[in-house]
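*Asks:*
Chains as they are written, first to last, in full-length UniProt numbering: chain A, 1 to 115; chain B, 1 to 115.
(1) Check whether the Cβ atoms of residue 23 of chain A and residue 71 of chain A lie closer than 9 Å to each other.
(2) Given 8 Å as the limit, is there contact between the region 14-22 of chain A and the region 31-47 of chain A, that is, 3 or more CB pairs closer than that?
(3) Is DSSP giving residue 62 of chain A helix, strand or coil here?
(4) Could you check if residue 80 of chain A is buried or exposed, using at least 16 other CB atoms within 10 Å of its CB as the buried criterion?
(5) Short of 9 Å Cβ to Cβ, which residues in the region 16-34 of chain A face chain B?
(6) Using three-state DSSP, classify residue 1 of chain B as helix, strand or coil.
(7) Between residue 29 of chain B and residue 26 of chain A, which are expected to be in contact by the criterion C-beta below 8 Å, what is the C-beta distance as a whole number of angstroms?
(8) In this structure, how does DSSP classify residue 102 of chain B when only helix, strand and coil are distinguished?
(9) Distance cutoff 9 Å, beta carbons only. Does residue 73 of chain A sit that close to anything in chain B?
(10) Tell me the DSSP bridge mates of residue 74 of chain B?
(11) Is the shortest distance between the beta-carbon of residue 58 of chain B and the beta-carbons of chain A less than 9 Å?
(12) Using a Cβ cut-off of 9 Å, which residues of the region 64-98 of chain B contact any Cβ in chain A, in chain order?
(13) On the DSSP letters alone, give me the boundaries of the beta strand (DSSP E) that residue 116 of chain A sits inside.
(14) Quick one: grab the DSSP three-state call for residue 56 of chain B.
(15) When the Cα of residue 54 of chain A is compared with those of A:103, A:35, A:14, which residue comes out closest?
(16) From which residue to which residue does the alpha helix (DSSP H) around residue 27 of chain A run?
(17) Determine the extent of the beta strand (DSSP E) in which residue 45 of chain A is found, giving its start and end residues.
(18) Under the three-state reduction of DSSP, which class applies to residue 109 of chain B: helix, strand or coil?
(19) Quick check: residue 66 of chain A and residue 33 of chain A, are their CB atoms within less than 9 Å of each other?
(20) Does any residue of chain A bring its CB to less than 9 Å from the CB of residue 39 of chain B?
(21) When you compare each of B:47, B:74, B:51, B:101 to residue 90 of chain B by their alpha carbons, which one comes out closest?
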């Protein structure tokens, strides 16, 4: 199977009703992944190479996979680009207000301690 | 140094102002640790052997340490017993309403999927 098809077939996403809170908490408990989510809250969809994070591509791919498998982000292929979006409606439908509570707490956190 | 003193010296707790959101999210992202926290929300302080969790003592000690070092729980020695309490005031002072939001979301979660 060509590499591009293997990559495409790896883009699995849980249904909204299957999003698990502990997976979401785990996905958010990392500074790079938190930066990805905060960036997406400000902008609906971004190409994968455009996030303001300073990690190796393979590490970034890992972080995207954790977020995707937890149901936090949706990714789609478009030719040679992979686009990433926040599943805000799905998350809010499942856990109303929770993502905003966590992101707001993180802003408080970032203002009080170096992070 | 006697074993009891070594154990006692290991009970370090972060100051309330140093509680880090990502550490808290990581600490809560586990079913055993979530059960400990939910149990403590219903009861101010419990002896360590009395939590409704089915894990080996060494595993439980690990989970308590993760929660303690994240600032989620406080532990104290009293003779041969170790007592555990939720740092609800410290957490609410640092991240108002967040713990309740997460625990409420977990109730929703538990009602919708097996967890």
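Cβ atoms here follow ideal geometry from the backbone N, Cα and C, with glycine treated the same way.
No experiment lies behind these values; they were computed from the predicted model shown.
*Replies:* Working from what's here:
(1) By one-based count along the first chain, residue 23 of chain A stands at place 23. By one-based count along the first chain, residue 71 of chain A stands at place 71. Yes, Cβ-Cβ distance for residue 23 of chain A and residue 71 of chain A is below 9 Å.
(2) no
(3) The residue you call residue 62 of chain A lines up with position 62 of the first chain. Residue 62 of chain A falls in the helix class under three-state DSSP.
(4) Here the question's residue 80 of chain A lines up with position 80 in the first chain. The residue in question, residue 80 of chain A, is exposed, as its Cβ has fewer than 16 Cβ neighbours within 10 Å.
(5) 17, 18, 19, 20, 21, 22, 23, 24, 25, 26, 27, 28, 29, 30, 31, 34
(6) Working through the second chain from its first residue, we reach residue 1 of chain B at position 1. Only weak support is given to the placement of residue 1 of chain B: the predicted model assigns it a pLDDT of 46, under 50, and the question is left unresolved by the model.
(7) Indexing the second chain from 1 puts residue 29 of chain B at position 29. Indexing the first chain from 1 puts residue 26 of chain A at position 26. Contact flag correct, Cβ pair sits at about 4 Å.
(8) The residue given as residue 102 of chain B occupies position 102 in the second chain. Helix at residue 102 of chain B.
(9) Your numbering for residue 73 of chain A matches position 73 in the first chain. Chain B contact via Cβ: absent.
(10) Counted from its first residue, the second chain places residue 74 of chain B at position 74. For residue 74 of chain B, which the question treats as bridged, DSSP gives the partners B:85.
(11) Along the second chain, read from residue 1 onward, the residue named residue 58 of chain B stands at position 58. It does not; no Cβ of chain A falls within 9 Å.
(12) 94, 95, 96, 97, 98
(13) Nothing about residue 116 of chain A can be read from this structure; chain A reaches only from 1 to 115.
(14) Taking the second chain and counting its residues from 1, one reaches residue 56 of chain B at position 56. Reduced to three states, the DSSP call for residue 56 of chain B is coil.
(15) Counting from 1 along the first chain, the entry for residue 54 of chain A is found at position 54. The option with the nearest alpha carbon to residue 54 of chain A is A:35.
(16) Here residue 27 of chain A is taken as the residue at index 27 of the first chain, counted from 1. Where residue 27 of chain A is concerned, the enclosing alpha helix (DSSP H) stretches over 21-28.
(17) Translated into the one-based positions of the first chain, residue 45 of chain A becomes position 45. Per DSSP, residue 45 of chain A belongs to the beta strand (DSSP E) from 45-47.
(18) Within the second chain, numbered from 1, the residue matching residue 109 of chain B stands at position 109. Reduced to three states, the DSSP call for residue 109 of chain B is helix.
(19) Taking the first chain and counting its residues from 1, one reaches residue 66 of chain A at position 66. Taking the first chain and counting its residues from 1, one reaches residue 33 of chain A at position 33. Contact: yes.
(20) Numbered from 1 along the second chain, position 39 holds the residue referred to as residue 39 of chain B. No, residue 39 of chain B does not count as interfacial toward chain A.
(21) For the purposes of this step, residue 90 of chain B is taken as residue 90 along the second chain, with counting starting at 1. Of the listed residues, the one whose Cα sits closest to residue 90 of chain B is B:74.
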